[in-house]
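For the sequence shown, this note's numbering gives the first residue as 224, with consecutive numbering after it.
Think of the CB as a built atom: it goes at the ideal place given N, C-alpha and C, for glycine as much as any other residue.
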Amino acid sequence: MACHPCVVRVSCVQNKHATLILSAGALAMARQDNSFFVAFLTSLIVSIGTTLVMYFVVLPRLAPYSRMKSNTVSQQTVPKLEGLQLSQAKLLLKGMNLQLGLAGQKNGPKPAGTILSHMPEQGSPIKRGGEVKVVISLGPKAPKKRPETPPAPQKVKVPSVRNMHIRKAKQKVKDAGLIVGRIIYGYDEDISPNWVLRQSPRAGRMVEKGSKVKITINKE
């Protein structure tokens, strides 16, 4: 039996609507042949069923995977930056399409310019183009200088210059590392003029080097 000319067209468009266009003439001729009509109807039902299954079953199940792939592409994981130099961290983040920001600086045991911490932390999700803020080291804190303790003043013994001429007395005081201070006059008829009657501090006393010794001499 020769096939009857008929036109059956089934088209699915992206807006998920199925449009069935049947030629009126072909449908009239198909009804004249029951076997052909049954085959046509069966094919039509299968086509409609397949479309419905795709629309209501398959596509909804594929949607989460599509969103997951999109999220995976748009997000990164923050790498470990602690211990890296600032220049190394910048290069690493640049290769991941991430930005580096400075959160602060502080003294630490690491050399200057070393990253001590960062936010977000290692392993945290971050969007492409996001910023990772770091805290960098200023290097170890310099120890405080202790104030220098001045050396203890040197002590010297005051020499005895009593009953000594003034010229000799002055030299003896100078040789001991002391200075002749005020010279005053007294009187003792038993002592020759310009000889030392008294001294202050007294002989044998320990005083700071450079101290003054006051001398009393007999007037003429």
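- prompt: Should the region 317-325 be called in touch with the region 350-358, which here means at least 3 C-beta pairs below 8 angstroms?
  reply: yes
message: Can you list, in chain order, the residues of its chain with a C-beta nearer than 8 angstroms to that of P376? Leave out the 5 residues immediately preceding and following it.
response: Position 153 of the sequence shown, counting from 1, holds the residue named residue 376. Result list for P376: E431, K432, in chain order.
Where Q299 sits in the DSSP three-state scheme: Your numbering for residue 299 matches position 76 in the sequence shown. Strand.
- request: Decide if L264 is buried, meaning its Cβ has at least 16 other Cβ atoms within 10 Å, or exposed.
  value: Taking the first residue of the sequence shown as position 1, residue 264 is located at position 41. L264 comes out exposed.
query: What separation, rounded to the nearest whole angstrom, lies between the Cα atoms of I389 and V379?
result: On the sequence shown, residue 389 is found 166 positions in, with the first residue counted as 1. On the sequence shown, residue 379 is found 156 positions in, with the first residue counted as 1. Near 21 angstroms, if we compare the C-alpha coordinates of V379 and I389.
- prompt: Could you give the uninterrupted runs of the beta strand (DSSP E) lying entirely in the region 390-437, keeping only those of 3 residues or more?
  reply: The region 390-437 contains, as complete beta strand (DSSP E) runs of 3+ residues, the segments 402-409, 419-423, 429-431 (chain order).
- request: Buried or exposed for A247, please, with buried defined as at least 16 other CB atoms from any protein chain shown within 10 angstroms of its CB.
  value: Here residue 247 is taken as the residue at index 24 of the sequence shown, counted from 1. Its pLDDT being 42, under 50, A247 is placed unreliably by the model, and the measurement read from it follows with that caveat. Exposed is the label assigned to A247, since fewer than 16 other Cβ atoms lie within 10 Å of its Cβ.
field: N-terminal and C-terminal residue of the alpha helix (DSSP H) that L316 is part of
entry: Counting from one through the sequence shown, the residue named residue 316 turns up at place 93. Start and end: 309-318.
task: Over the uninterrupted beta strand (DSSP E) stretch that includes K378, give me the two end residues.
output: One-based indexing of the sequence shown puts residue 378 at position 155. Taken as a continuous stretch (DSSP letters only), the beta strand (DSSP E) holding K378 covers 378-380.
query: For I402, which residues from the same chain have a beta carbon less than 6 angstroms from its beta carbon, with the 5 sequence-adjacent residues on both sides left out?
result: Looking up residue 402 in the sequence shown gives position 179. The residues are K435.
query: Looking only at DSSP bridge pairs, what is M387 linked to?
result: Residue 387 sits at position 164 when you count from the first residue of the sequence shown. Paired residue(s): none; M387 is not in a bridge.
field: CA-to-CA distance, I338 to L307, given in whole angstroms
entry: Within the sequence shown, numbered from 1, the residue matching residue 307 stands at position 84. Within the sequence shown, numbered from 1, the residue matching residue 338 stands at position 115. Whole-angstrom Cα-Cα distance: 6 angstroms.
task: Along the beta strand (DSSP E) that carries Q322, what are the first and last residues, could you check?
output: Within the sequence shown, numbered from 1, the residue matching residue 322 stands at position 99. Segment 322-329, the beta strand (DSSP E) holding Q322.
task: Could you tell me the distance, in whole angstroms, from the CA atom of T300 to the CA atom of P343?
output: Your numbering for residue 300 matches position 77 in the sequence shown. Your numbering for residue 343 matches position 120 in the sequence shown. Approximately 10 angstroms between the Cα atoms of the pair.
S275 - DSSP class collapsed to helix/strand/coil: Indexing the sequence shown from 1 puts residue 275 at position 52. It is worth fixing the name first, because residue 275 is Leu in this sequence and not Ser. DSSP places L275 in helix when its eight states are reduced to three.
message: Taking only three categories from DSSP, how would you classify T372?
response: Translated into positions along the sequence shown, residue 372 becomes position 149. It is coil, neither helix nor strand.
message: Check whether the region 414-428 and the region 383-397 are in contact - that is, three or more C-beta pairs closer than 8 angstroms.
response: yes
- prompt: By Cβ distance, which residues of its chain are closer than 8 angstroms to S347, with the 5 residues on each side in sequence left out?
  reply: For the purposes of this step, residue 347 is taken as the residue at position 124 of the sequence shown. These residues qualify, in order along the chain: T300, V301.
field: Where the beta strand (DSSP E) containing E354 begins and where it ends
entry: As a first step, residue 354 is located in the sequence shown; it is residue number 131 there, counting from the start. Run containing E354: 354-360, per the beta strand (DSSP E) assignment.
- prompt: By a C-beta neighbour count over all protein chains shown, 10 Å radius and 16 as the cutoff for buried, is N441 buried or exposed?
  reply: Translated into positions along the sequence shown, residue 441 becomes position 218. So N441 ends up on the buried side.
- prompt: Just the Cα atoms here: how many angstroms apart are A399 and G427?
  reply: The residue you call residue 399 lines up with position 176 of the sequence shown. The residue you call residue 427 lines up with position 204 of the sequence shown. Whole-angstrom Cα-Cα distance: 11 angstroms.
- prompt: So, is A445 buried or exposed, given that buried needs 16 or more other C-beta atoms within 10 angstroms?
  reply: With the chain covering 224 to 443 only, the question about residue 445 has no answer from this structure.
- request: Using only alpha-carbon positions, find the residue among E305, Y408, K437, A262 that is nearest to Q422.
  value: Locating residue 422 in the sequence shown gives position 199, where the first residue counts as 1. For Q422, the nearest C-alpha among the options comes from K437.
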